[in-house]
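Residue numbers (this note's numbering): 1 to 184. We put the beta carbon where it would ideally sit given N, CA and C, even for glycine.
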Amino acid sequence: MKIRKRYILLIILSILPFYKIIHFDDYCINDVDYLLIAFLSIIVLVAFLAILFYNLYLISIHKEIFNYRPLLIFGVFAIALYFGINYPDFKPFKSIDYKFSHKKNSKYVAKIILYDDATFILKTKFATESCTQNGNYVFKNDSLKLKLHHPTKNSEIFDSVYVFDKTKKKLIPKTSNYPVFGLN
Numbered sequence: 001m002k003i004r005k006r007y008i009l010l011i012i013l014s015i016l017p018f019y020k021i022i023h024f025d026d027y028c029i030n031d032v033d034y035l036l037i038a039f040l041s042i043i044v045l046v047a048f049l050a051i052l053f054y055n056l057y058l059i060s061i062h063k064e065i066f067n068y069r070p071l072l073i074f075g076v077f078a079i080a081l082y083f084g085i086n087y088p089d090f091k092p093f094k095s096i097d098y099k100f101s102h103k104k105n106s107k108y109v110a111k112i113i114l115y116d117d118a119t120f121i122l123k124t125k126f127a128t129e130s131c132t133q134n135g136n137y138v139f140k141n142d143s144l145k146l147k148l149h150h151p152t153k154n155s156e157i158f159d160s161v162y163v164f165d166k167t168k169k170k171l172i173p174k175t176s177n178y179p180v181f182g183l184n
């Protein structure tokens, strides 16, 4: 089986947009990143169409059989891109224990997602930017202690210690100037 240079080029171009989609640590993604993903995806589409029409030309001239490889590469790219953009926080090997959220008018939406392996995600969504921070937590009695992998100074949204009120189903911060999170 001979792999041609044009298929390797299509595979490399298909991998490029994912450096902005797949994250293993804390990250922020904004409108500029989405424009870059769209630009790189258009380049992949143009390369795919050029290869496809070249293959169709070879079929008409040399009576070759249709080559499915470009369609397969582009199909895998399109499906992976769809799931990468629409489900950025999907963790296939973790299940969610609790999901808390707080919405401050139209300024921002903040979420705390606790997983079953004592890890958590702090997700803050502003108008044009979405930031995600990762860390570990300890849930003892009614108190929740959050420890970020990369702590930030002067956080205005998240506290490190919360008290879980089971009757109201809310996370109440130990420091009073932080917002209260409700259980989803």
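Under a three-way DSSP split, which group does residue i fall into?
i           : result
residue 91  : coil
residue 47  : helix
residue 155 : coil
residue 185 : Because the chain spans 1 through 184 in this model, residue 185 falls outside it and cannot be assessed.
residue 80  : helix
residue 70  : helix
residue 180 : coil
Leaving out the 5 sequence neighbours to the left and right, which residues in its chain are closer than 6 Å to residue i when beta-carbon positions are compared?
i           : result
residue 139 : none
residue 99  : 113, 184
residue 133 : 26, 122, 148
residue 30  : 128, 129
residue 74  : 48
residue 16  : 40
residue 110 : 102, 124, 157
residue 178 : 159
Is the beta carbon of residue j closer than 7 Å to that of residue i?
i           : j           : result
residue 145 : residue 163 : no
residue 69  : residue 7   : yes
residue 157 : residue 165 : no
residue 43  : residue 13  : yes
Which same chain residues, not among the five before or five after residue i, have their C-beta less than 8 Å away from its C-beta?
i          : result
residue 89 : 113, 121, 123, 132
residue 91 : 115
residue 28 : 129, 130, 131, 132
Under 6 Å from any heavy atom of the ligand GDP, does the C-beta of residue i make it?
i          : result
residue 18 : What this structure holds is no ligand at all, so the ligand GDP is not there to describe.
Note down, in chain order, each residue of its chain lying with its Cβ closer than 7 Å to the Cβ of residue i, except the 5 sequence neighbours on either side.
i          : result
residue 77 : 14, 44
Next item on the list: Give a yes or no on contact between the segment 121 to 130 and the segment 66 to 82, applying the rule of three or more CB pairs nearer than 8 Å.
Entry: Counting Cβ pairs under 8 Å, fewer than three are found: no touch.
Next item on the list: Indicate whether the contact test is met: 3 or more Cβ pairs, each with one atom in the segment 99 to 109 and one in the segment 55 to 71, closer than 8 Å.
Entry: By the Cβ criterion, the segment 99 to 109 is not in contact with the segment 55 to 71, since fewer than three pairs of Cβ atoms, one from each stretch, lie closer than 8 Å.
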